[in-house]
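Chain order of the listed sequences is V and A.
Counting from 8, one number per residue, gives the positions in the first sequence under the numbering used here.
Counting from 14, one number per residue, gives the positions in the second sequence under the numbering used here.
By construction, the Cβ of each residue, glycine as well, lies at the ideal position given by its N, Cα and C atoms.
These figures come from a predicted structure and were not determined experimentally.
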Amino acid sequence: MSFRRVVIALEDTSSSTAAALATAIGLARTMEAELVGLFIEDSDLIEFAALPFAGEIGFPSAARRALDVEAMERSLRAQARRIRRELGERLAGQPVKWTFEVVRGRTVAALASAVAERDLVVISVRRSALRARAEIARAFETLCVPLLMVGESHQRNSMMAVIAPPHAAVSDIADDAVALARYYGRSVLFVAADAERPHWAAWLQDIAERLAASDISSRFRVLADTTRGAVDRMLAEERPRLVVALAHLPQLRNALLDALPYPLLVLPQDAARAQDGG
Amino acid sequence: MWEAIVAYGESIRVAPLVGRLSPDRLTRRCAASALMFDTTGQAGDDVEIIGQQRATDAIGFGVAIAEEGYNLFAMGSEGIGRRTLARRFLDQAAASRRVPSDWCYLFNFHVPHRPRAIALAAGRGVAFKRDMMRLVDDLRIGIPAAFEADEYRTRRQEIESELSERQEHAMHTLGERAKQQNIGLLRTPAGFAFAPFAGDEVMSPDKFNALPDDEKKRIEQAVAVLQGEVDLVIEQVPKWRREAQHKLRELDRQVTRGAIASLIDEMKSAYQAMPAIVHYLGEVQEDVLDHAHLFLQPKEGEPAGALGFVVARPDAADALRRYEVNLLIDHCASTSAPVVYEDHPTHDNLIGRIDHLSHLGALTTDFTLIKAGALHRANGGYLILDALKLLTQPLAWDALKRALRSREVQTEPLAQALGLISTQSLEPEPIPLDVKIVLIGQRDLYYLLHAWDPEFGKLFKVAVDFEDDMERSAESELHYARLVAAMAHKNGLRPFERTAVARVIEQASRTAGSAERLSVEMSQLLQLLVESNYWAGARNHLAVTSDDVQHALDARLHRLDRVPVHVRDEMLHGRLLVATEGDRVGQVNGLSVAELGGELFGIPVRITARVRLGSGSLVDIERESQLGGRIHSKGVLILAGYLAAHYAPKKPLSLSATLVFEQTYGTIEGDSASSAELYALLSALADVPLSNSIAITGSVNQHGDVQAVGAVNEKIEGYFDLCKQRGLTGDQGVIVPSANVSQLMLRDDVIEAVAAGRFSVYAVQTIDQGLEILAAMASGTRNELGRFAAGTLNARIEERLDEFAERARAFATPRERRPQRHDAGRK
């Protein structure tokens with residue numbers, strides 16, 4: 008896998024956004040990709056500001072103020088400027104080509120309009136926004152765009168886990184792993200999920216052979232049970248820095264989406280071509 | 014030993030030490046044969062100080078007595094050996110005293126601007142400082158390790174997540190409740206808002222406006238209610254945050270306590286004999302619990318700020334300075350109590366100073382920048398100070414007295430003491446003071462301080478008065494010789510031949526200004542020995558000879574006599590008028606002395622007098638022109654008293670006289686020329702010429718007694734040098750007071766000239782004796798009728814004064830005369 012751009016949605020300056028940005032910068036630098044900072048002016052907010060009783064409660068001041076469209080747009084522009092300035096300062100001196108874009112729309116649609124082929128989208132997610140996370144993940148599956156969801160920073164082992172069904176294309180899986188592992192610690196755990204299917208041992212063997220020539224170390228594991236509980240136990244045991252999942256195992260994907268706060272990279276179905284057509 | 018003066022007329026008076034002095038009266042030789050060694054290499058060298066018994070007794074007493082206020086003031090001339098003697102006694106006393114405590118300043122965790130002073134057993138300070146450094150090093154490893162453990166991270170995340178979840182949950186719950194009313198919770202750039210939803214989207218204004226009024230009203234009311242509930246949630250947030258912070262703090266303390274407890278307990282047990290240190294370590298422990306973050310270094314990628322900016326934290330190394338030990342006084346290498354000499358006793362050098370560091374243009378300080386002063390270093394021992402240096406340094410004297418009075422050293426910046434700065438600085442805890450001070454200064458200074466500083470007498474109760482000279486005897490000469498030997502040995506000089514030592518002793522007498530005394534000025538003696546040694550080396554002598562000593566003396570004089578030689582040249586060329594032959598009425602040669610570079614030079618000066626009818630006033634032209642000092646003026650005024658009592662006891666002194674030092678353009682001080690002035694005056698009165706071959710020195714009192722003066726040797730030699738250059742005639746000489754004869758230590762060339770009859774030194778006791786030498790005629794004494802013998806000098810003077818009185822009477826108006834007669838009649 009070779010990403011042309013790493014697109015990060017910058018909503019605010021919270022710690023979760025900062026963690027996502029650190030990840031996006033690291034990936035862009037490792038993969039020599041362009042970093043695109045994307046600020047979305049939420050059209051719902053503009054619509055809301057046009058309502059006659061529109062008002063805002065400041066946080067954490069609890070100060071109230073009436074809003075209109077002009078005030079909301081001014082506020083969004085100010086936020087965009089602030090984020091752009093801080094992004095520039097954060098990237099100063101780093102060998103990363105970057106741009107900053109402002110788009111307007113609903114979050115998913117706006118993101119979708121901004122991404123292109125061979126883009127990786129990075130978003131930050133809050134623990135409470137599980138449903139939104141799932142919605143976004145589904146939306147990007149539809150768009151066939153890889154989506155990396157990052158929560159707040161946590162201490163984990165210096166390795167990544169790739170969870171895939173044994174019918175996924177070995178070449179894509181191995182190439183993806185090598186590309187990402189250069190940033191995530193040069194150590195990969197390959198997990199053969201849905202291992203009731205035949206040939207999983209041969210599948211893992213193929214991957215091992217493909218990685219033999221690289222500088223990446225690898226381990227292998229089988230995850231027969233892809234329910235939420237089994238996934239949680241496996242992650243608690245391995246504590247990977249990144250979980251890579253293929254989108255065409257809905258049960259596994261949903262279990263992983265629930266298993267926050269692990270950063271999750273969901274690869275769309277067309278990027279995970281079935282080896283056996285299954 | 015002496016020659017009687019020639020008698021004139023009926024008046025013949027002979028007295029001991031009066032008249033022309035024989036050569037053997039002009040100096041006192043030191044018998045080299047009595048020194049009992051060939052060179053100083055064979056003599057003992059155990060003598061360091063001589064002739065200072067009074068000072069030795071005093072300093073022994075002062076050092077030994079331990080009561081408060083018994084500090085010492087060693088007074089005397091420069092170079093007399095005050096510091097050497099004091100040092101010797103103090104070193105002896107210090108050797109028998111225990112080594113005092115080490116002192117250190119520590120951070121005061123309760124009052125940071127008041128660093129804590131703690132005493133440790135001598136030599137333990139270094140170990141304590143090292144132990145604290147190690148402790149901090151260990152903490153810098155142990156604390157980060159504890160904070161990097163999974164346990165801590167997990168518990169911290171739990172607390173942070175709890176706060177986050179609490180906020181999110183509250184808002185989420187609110188959002189869910191709103192959703193039941195088709196109202197959505199939106200995040201705006203600055204907070205939250207509630208909007209009516211139509212499906213999954215915010216209701217557009219058109220749709221909203223199309224709603225029935227009741228529905229619009231319902232929505233607005235529902236939004237208002239929800240906003241009120243948001244207020245309630247937001248009100249809780251600070252409280253939740255405080256709770257989370259408290260939990261985090263407690264977590265940090267727990268983790269830190271676990272990491273440091275064993276380290277600090279171990280150190281406490283090592284210092285359990287020192288309660289102050291144990292107490293301090295307890296405070297360190299508490300402080301570390303609250304400041305564990307100081308031991309943590311920011312890690313790469315640590316998301317401490319917006320978009321991953323690491324918030325700049327104070328430099329950890331600087332922050333950890335609070336746990337350092339400022340070892341102010343370290344006695345680990347000491348074997349006895351300290352004896353400190355502070356050569357530059359400024360305020361700060363005495364009581365210590367507080368340095369500052371420049372940081373981004375601002376000056377900052379802390380307890381590690383407190384520096385010890387001389388009082389700290391000498392605490393528990395002795396401190397030697399130069400009084401003059403001390404008194405000329407701003408506030409140094411006050412600071413010393415304050416320390417002695419309060420018996421503690423309080424380090425305070427000078428600018429703060431002067432009130433020049435008002436910014437908050439440090440106020441270190443004072444350190445208890447137990448020190449004995451030895452001030453070294455001039456005698457004048459001691460008496461001035463005693464007279465003008467009421468505290469001085471209470472704080473410096475022991476006066477150590479050093480002699481400038483000592484009695485000269487055969488025994489003291491031997492002592493002196495041993496002193497010379499000791500100094501030569503101690504300073505690595507060549508051995509001195511005994512004749513050289515004898516010459517040194519003779520010079521010591523000359524320096525003392527008396528043939529019967531020996532100077533005990535050690536610095537001058539050492540200078541002579543060093544210079545003699547140099548010349549001996551320059552001449553390839555293995556031992557210093559008397560010639561080397563003499564050459565050193567001559568060379569030193571030569572280095573300094575440019576001015577006297579120039580003045581003499583002016584006399585030789587006739588630009589300065591000083592006759593050394595012939596005679597003249599109302600004109601004599603006086604002898605002045607000038608001090609140049611520590612050496613005295615005698616310089617002859619012409620003194621003239623003119624008289625006329627007047628009202629009894631003596632006009633001293635030097636005083637009138639403000640060139641005469643007060644003592645000089647006093648000497649001239651005494652002359653009037655002598656004239657009136659000696660020649661006009663029953664008549665008005667109808668005289669007006671002027672006296673002047675010719676061709677002098679600087680201030681004249683002293684009364685040593687008052688006899689010369691009187692001779693000039695009497696010559697003018699008698700109209701009798703006096704010899705200009707003879708110069709005069711000596712003061713006079715109202716009875717006509719000639720009194721001793723200073724620098725008599727230099728004065729004689731100054732005149733001799735002038736005469737010698739013009740050619741000695743045999744008539745030339747000097748009249749000196751007979752009281753000065755015992756002080757004569759003249760140069761060999763002068764003595765040789767006297768022995769050859771080419772120069773004379775006369776000693777006189779009275780003015781009459783001097784007059785007879787100068788005028789070569791009898792002065793005359795009063796007979797039984799109260800009249801001077803006819804033809805004598807005094808008779809001629811009296812006749813002149815009678816003449817003035819008669820003429821004055823003739824000039825007087827009848828009105829002026831009547832009251833005089835009336836007054837006389839009444840008497």
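Legend entry - Sequence-distant residues of its chain with Cβ nearer than 7 Å to A:Asp633 (five each side left out): Gly641, Ser646, Val649 and Leu672
Legend entry - Contacts of A:Leu199 in chain V (Cβ-Cβ under 7 Å): Think of a sphere of 7 Å around the beta carbon of A:Leu199: the chain V residues whose beta carbon falls inside it are Asp51, Leu52 and Phe55, in chain order.
Legend entry - Short CB-CB distance (under 8 Å) between V:Phe66 and chain A: Closer than 8 Å to some Cβ of chain A, the Cβ of V:Phe66 qualifies, so yes.
Legend entry - Cβ shell of V:Lys104 (< 6 Å), same chain only, five flanking positions each side left out: Glu41
Inset, instruction - Kindly confirm or deny that the region 510-517 of chain A and the region 80-96 of chain A touch, where touching means at least three C-beta pairs closer than 8 Å. - result: no
Inset, instruction - Could you tell me whether the Cβ atoms of A:Asp547 and A:Ala107 are closer together than 8 Å? - result: Note that residue 547 of chain A is Tyr in the sequence shown, not Asp. No.
Inset, instruction - Under 6 Å Cβ to Cβ from A:Asn796, same chain only, skipping five residues before and after it: list those, please. - result: none
Legend entry - Buried/exposed call for A:Val324, threshold 16 Cβ in 10 Å: Per-residue confidence for A:Val324 stands at a pLDDT of 41, beneath the threshold of 50, marking its modelled position as unreliable; the derived number appears in the next sentence. Per the 10 Å Cβ criterion, exposed.
Legend entry - Buried versus exposed, by CB contacts within 10 Å (16 or more), A:Asn222: Exposed: under 16 other Cβ atoms inside 10 Å.
Legend entry - Partners in chain A for V:Phe60, counting only beta-carbon separations shorter than 7 Å: Glu233 and Val236
Inset, instruction - Kindly list the residues whose CB is nearer than 8 Å to the CB of V:Arg11, restricted to its own chain and excluding five residues on each side of it in sequence; keep chain order. - result: Ala40, Glu41, Ala123, Glu124, Arg125 and Asp126
Inset, instruction - Kindly say whether A:Ser139, judged by its beta-carbon, lies nearer than 8 Å to any beta-carbon of chain V. - result: Going by the sequence as given, residue 139 of chain A is Val instead of Ser. With 8 Å as the cut-off, A:Val139 does not count as an interface residue toward chain V.
Legend entry - Simplified DSSP assignment, three categories, for A:Leu590: coil
Inset, instruction - Using a Cβ-Cβ cut-off of 8 Å, state whether V:Ala188 counts as contacting chain A. - result: no
Inset, instruction - Give the DSSP-derived three-state secondary structure of A:Met287 in the structure shown. - result: coil
Inset, instruction - Kindly identify the DSSP beta-bridge partner or partners of A:Trp116. - result: A:Ala132 and A:Ile342
Inset, instruction - Determine the burial state of V:Asp265: buried for a count of at least 16 other Cβ atoms within 10 Å of its Cβ, exposed for fewer. - result: exposed
Legend entry - Distance between V:Arg97 and A:Phe322 (C-alpha atoms, nearest Å): In this predicted model, A:Phe322 has a pLDDT of only 38, less than 50, meaning its place in the structure is not dependable; the value taken from the coordinates is given anyway. About 7 Å.
Legend entry - Test: A:Gln240 CB closer than 8 Å to a CB of chain V: yes
Legend entry - C-beta neighbour in chain A for V:Ala69, strict 8 Å: yes
Legend entry - Uninterrupted beta strand (DSSP E) stretches inside the region 366-420 of chain A (no shorter than 3 residues): 370-372, 375-377 and 395-399
Inset, instruction - Kindly say whether V:Glu63, judged by its beta-carbon, lies nearer than 8 Å to any beta-carbon of chain A. - result: yes
Inset, instruction - Measuring only between beta-carbons, confirm whether V:Ser131 sits less than 8 Å from chain A. - result: no
Legend entry - Amino acids of chain A, ordered along the chain, whose beta-carbon sits closer than 9 Å to that of V:Gln86: Near V:Gln86 (Cβ distances below 9 Å), the residues of chain A are Pro202 and Ala203.
Legend entry - Range of the contiguous beta strand (DSSP E) that encloses A:Ala708: Ile707 to Ile709
Inset, instruction - Kindly indicate the opening and closing residues of the beta strand (DSSP E) around A:Pro750. - result: Gly746 to Pro750
Legend entry - beta strand (DSSP E) segment containing V:Gly44, residue limits: Glu41 to Asp49
Inset, instruction - Let me know if A:Trp465 comes out buried or exposed under the rule of 16 or more other beta-carbons within 10 Å of its beta-carbon. - result: Looking at its Cβ environment, which holds fewer than 16 other Cβ atoms inside 10 Å, A:Trp465 is exposed.
Inset, instruction - Compute the distance between the beta-carbons of A:Pro351 and A:Ala391, then report whether it is under 8 Å. - result: yes
Legend entry - Exposure of A:Gln258, with buried meaning 16 or more beta-carbon neighbours within 10 Å: exposed
Legend entry - Distance between A:Gln745 and A:Ala788 (C-alpha atoms, nearest Å): Those two C-alpha atoms are separated by around 13 Å.
Inset, instruction - Report the residue ranges of all beta strand (DSSP E) runs contained in full by the region 634-705 of chain A; include only those spanning at least 3 residues, in chain order. - result: 668-674 and 702-704
Inset, instruction - With 8 Å as the limit, tell me which residues of the region 244-267 of chain A have their beta carbon closer than that to any beta carbon of chain V; keep them in chain order. - result: Asp244, Ile247, Glu248, Val250 and Pro251
Inset, instruction - Would you mind stating whether V:Leu45 and V:Glu108 have Cβ atoms separated by less than 8 Å? - result: yes
Inset, instruction - Please compile the residues from chain V whose C-beta is within a distance smaller than 8 Å of the C-beta of A:Glu214. - result: Asp51, Glu54 and Arg113
Inset, instruction - Kindly indicate which residue of V:Val238, V:Arg189 and V:Glu244 has the alpha-carbon position closest to the one of V:Leu218. - result: V:Arg189
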